[in-house]
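Undergrad:
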């Protein structure tokens, strides 16, 4: 059913799927149920696309049998929603790994007393997106649902108070606004009496960096085990999670990781939270999938424990240590009631006194931005090539060597057909050569498990991390704009210099945090890519050495002929 | 112009392209010029196809302006002929090597005072065929001309006299008849006063075998050199041919090989003469083609010198030793006037006195026949697989590794974009890894030169050798039938027992010769395939070792990071 709506505010489209709407413009809505705060419809210029539900009012027809008389109702009320957004042009890329979208584990979430879960999408182009799915009915695996990035941070702006002197961004959906950083920079987030958490930013050899965690640790993820409940009606996989500093294992399911992940997104502004490995529509318990999810959870965990800020998060500690069901629920509720999230998280940061020219920071960020874009592209390229190479290993390479092996066997069979002239030792050797090449074919097919899969795992982690940066960089840009605006207003006498100085000071916090996060990313990147390349080369060497050994053993069979 | 013709004899079609004709049947001829003794036309049942020119008389219209009054002229006179026979169904196979058909060197053959040259076809299915091409005008490389097998041996039956008591095969085109073996078995080939040549067949550990050559030798073929004549208008390739027993090089062109090859076909009944490497329609002087032809001529020569009978042939000696132009022409004419060809060649064979049961020989031949069929199939299969593997090496394998190399380079380029955090040593190592994989891609593309090409060369030789055997086996079958027929006639008193004994005795010669040739084939096959497999494995080992070395060198770059 098509509905009419009126635009309450002007909205400028920023992405391909979005359309711009003007204040007071009349719109057609294709479905009144919003998806993550977005509606799909057509504007007065005939453009079709999505726009924020909160920017419009739906005009209800008078003939409504509903007794209430209100003709205008707020749009975007959550509920079952069967519409979908067509996947953007960025899904038309050549990366061929099938990715379906559905709510993992939602059927057995109820025992955790929590009706919402989060769907994590790994976009083929590394533009990961995270969004709430409300009892999602997206059961068609062919329908790709593209959530808006970082929608889940939206509620963190609830604490912002109106009436600041400096203008607010009209676009309530920019990461700057959603994350609460705008509110923070404008001083709208009140300093709290007692802040238990505190994260230091220090000056290191390459600029600002996160203060090291007082208690660094690592954490293993092992032994994915199929579990059942309700007398075998429901099955799930449990992982043994063992932090190095306690050495006491806890058992966690993917949905626990998922809960933690959403807490992280909720809380940590300015930090690139590693994406969880993607969900899978079918064959959840297939061996390969379980193995792949385990490998990627390990990488995720490594990144978590390596991060000086994320690793110290109380909710993470709870995740890693709590072994008791009742305690788990208590700790879960406590984490969900954490006030130091979003804008308030910014209050927990302690920055150096070091003077930094804002212009310099801006340039440094721009350089990083260009780097991140190119890295994202080349990670994408390598992912594509490596995926194709996996396909070739499993298909073409295996097939070619097996066909060669078959052909040798066939030659040896022919040679056995004229017994008086049949040279058994030679026939054996040729037949063995055939089997050797069949083996080599199998070795090619097996090899990705030892090298390419690990490369793809790491690339996938980096696709996720890189996809967070455009929004994070946007925070700094927004903050910088506020500094300039407030300074201008102060110069014009429209604002106290104190207030303008406050904006500048808080903008420094954003800048230092971003630099620390960039620095951390580079440090990890260097280690991770060195490891990745080394591991790949080592496995490749082992592989080709094994091929050589197989061939040498086979060649020896001809020596005595 | 369509002509009418009358069938002189009944002819039963044996192959797909042939049609049967009945004695006295009226036929339509599409072109009065025969190709290798075959005409194309339509019989009274509307079937279209080819039949032997010598079986029909062309009916010339009375209105012929020609003064001679003969309305019937013998068909099949040689001349320019622009018709073609459609290639048989056996060309629809999957073997994909482009083979075009044209008369190699025919434009510069004239200096040898010989207007005929021989076109050698290597049929994709190993069913090689050889036929005279008379100043062929088959210039369309897309038209495949399928010559009838062993047509060139046809003239060897000229000495057969009519009137033997035992019936002759009606099919003048069976290899049994064409080769002269029928005439020989029936005693129609008169013993000659003085036979200079003599080839022994001995009993060896595995049955009858050719007596060893008194002077075994080998012969190198080296240094293909582009030569020009007529002030550079014509170019050709000259090979340095050096027999081991003289150690004096002679220089030969492909057409000299071709001349020799045709003498061999002409003379040697019951022997599988190795086919010459195929001709090529375009790019005759391209480096790869010259290299390939040289490799295959070397294999051809090895087979020639290894054969106890072929290696002793006077015409071969002339080919290997004559360095003088005038002497060359004399020796050439002498070889062409050799009387001990075809049927007469059978007279040069000395067989053991050993008793052999004809039935046993028959069974032995049948076993060989089944073996040869299976070997032909599996050689074909391996040829196909190896050709495809060459294609993959040049294409898919190279491409995949080069794309991987490019992707690594791209990663390293991205890492250089944020200088303060750029780790030069790591970037260098990654970039070098990229170049390594590009090299490995090139190595894959180069590798067929070192292994698969040599395998394909040898397989091609064996395709040729195997394709000769059905006809050779047919000789023995025909001879055996004659023995049974003559014995029956003798039993019925219609033939002297002496004459029947003569048929049986001469059939023994055919049987021994075939067994000797089978034995020789097996001996060579064993050596050749052992060598082929060893060489392939050795080269494969070297290749994968080089890959390992490249990777190890590259891996070391990460050690110091």
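Protein chains in written order, with the working numbering: chain A, 1 to 561; chain B, 562 to 1122. Beta carbons are placed, not taken as given, at the ideal position from N, Cα and C, and that holds for glycine.
#1: Which partner residues does residue 799 (chain B) have in the DSSP bridge list?
#2: Would you decide whether residue 266 (chain A) is buried or exposed? Buried here means 16 or more other CB atoms lie within 10 Å of its CB.
#3: From the DSSP output, read off the bridge partner residues of residue 820 (chain B).
#4: Given a limit of 9 Å on CB to CB distance, which residues of the segment 409-427 of chain A reach chain B?
#5: Return the Cβ separation of residue 462 (chain A) and residue 379 (chain A) in integer angstroms, given the expectation that the two are a contact with Cβ distance under 8 Å.
#6: Measure from the C-beta of residue 939 (chain B) to each C-beta in chain A and report whether the shortest distance is under 7 Å.
#7: Is DSSP giving residue 1121 (chain B) helix, strand or coil here?
#8: Residue 997 (chain B): which of A:250, A:391, A:498, A:533 sits nearest, CA to CA?
#9: Based on the DSSP secondary-structure assignment, which residues constitute the bridge partners of residue 760 (chain B)?
#10: Shorter than 7 Å from the beta carbon of residue 1050 (chain B) to some beta carbon of chain A?
#11: Residue 494 (chain A) versus chain B: which residues are under 8 Å apart at the beta carbon?
#12: Could you compute how far the alpha carbon of residue 299 (chain A) sits from the alpha carbon of residue 287 (chain A)?
#13: Between the segment 193-210 of chain A and the segment 496-506 of chain A, do three or more beta carbon pairs fall short of 8 Å?
#14: Could you give the DSSP three-state label for residue 27 (chain A): helix, strand or coil?
#15: For residue 982 (chain B) versus residue 522 (chain A), is the C-beta spacing smaller than 7 Å?
#16: Do you know whose CA, among A:519, A:311, A:211, lies nearest residue 260 (chain A)'s CA?
#17: Please decide whether residue 230 (chain A) counts as near chain B, where near means a Cβ-Cβ distance under 7 Å.
#18: Would you identify the three-state DSSP class for residue 612 (chain B), choosing helix, strand or coil?
#19: Grab the span of the beta strand (DSSP E) containing residue 602 (chain B) for me, first residue to last.
#20: Counting along the chain, where does the alpha helix (DSSP H) carrying residue 890 (chain B) start and finish?
#21: Kindly indicate which three-state DSSP category residue 804 (chain B) falls into: helix, strand or coil?
#22: If I measure Cβ to Cβ from residue 216 (chain A) and keep anything under 8 Å in the same chain, skipping five residues before and after, which residues do I get?
#23: Can you pull the DSSP bridge partners for residue 579 (chain B)?
#24: Identify, in the order they occur along the chain, each residue of the same chain with its Cβ nearer than 7 Å to the Cβ of residue 616 (chain B), setting aside the five sequence neighbours on each side.
#25: In the DSSP assignment, the beta strand (DSSP E) including residue 1020 (chain B) goes from what residue to what residue?
#26: Does the separation of the CB atoms of residue 479 (chain A) and residue 487 (chain A) fall below 7 Å?
#27: How long is the line joining the alpha carbons of residue 399 (chain A) and residue 327 (chain A), rounded to whole angstroms?
#28: Do the CB positions of residue 464 (chain A) and residue 438 (chain A) come within less than 7 Å of each other?
#29: Show which residues of chain A have a CB atom less than 8 Å away from the CB atom of residue 1090 (chain B).
#30: Which residues in the same chain have their Cβ closer than 6 Å to the Cβ of residue 264 (chain A), if we skip the five residues on either side of it in sequence?
#31: Leaving aside the five residues before and after residue 590 (chain B) along the sequence, list all residues of the same chain whose C-beta is less than 8 Å from its C-beta, in chain order.
#32: Does the distance from the C-beta atom of residue 969 (chain B) to that of residue 944 (chain B) stay below 7 Å?
#33: Can you tell me which residues form a DSSP beta bridge with residue 176 (chain A)?
#34: Given that residue 537 (chain A) touches chain B, what residues does it touch there, using C-beta distances under 9 Å?
#35: What residue from B:746, B:773, B:1029, B:915 has the CA that sits closest to residue 832 (chain B)'s CA?
#36: Whole-angstrom Cβ separation of residue 221 (chain A) and residue 297 (chain A), contact assumed at under 8 Å?
TA: With the structure as the only source:
#1: B:786
#2: buried
#3: According to DSSP, which records beta bridges pairwise, residue 820 (chain B) is partnered with nothing at all.
#4: So the list reads 409, 410, 411, 412, 413, 414, 415, 416, 417, 418, 419, 420, 421, 422, 423, 426, given in the order they occur along the chain.
#5: 5 Å
#6: So, interface residue.
#7: coil
#8: A:533
#9: Residue 760 (chain B) is bridged to B:910.
#10: For residue 1050 (chain B), the answer is no, since every Cβ of chain A falls outside 7 Å of its Cβ.
#11: Neighbours of residue 494 (chain A) on chain B: none; closest Cβ ~38 Å, over 8 Å.
#12: Taking the straight line joining both Cα atoms gives about 19 Å.
#13: no
#14: strand
#15: yes
#16: A:311
#17: no
#18: strand
#19: 599-603
#20: 886-898
#21: strand
#22: 305, 311
#23: Paired residues: B:611.
#24: 568, 569, 570, 572, 582
#25: Unbroken run through residue 1020 (chain B) is the alpha helix (DSSP H), 1013-1052; no beta strand (DSSP E).
#26: No. Outside cutoff.
#27: 55 Å
#28: Between residue 464 (chain A) and residue 438 (chain A), the CB-CB gap reaches or exceeds 7 Å.
#29: 411, 415, 426, 430
#30: 273
#31: Cβ within range, chain order: 563, 564, 565, 566, 600, 601, 602, 617, 619, 636.
#32: no
#33: Residue 176 (chain A) pairs with nothing; no bridge assigned.
#34: 994, 997, 1112, 1113, 1115, 1116, 1119
#35: B:1029
#36: 5 Å
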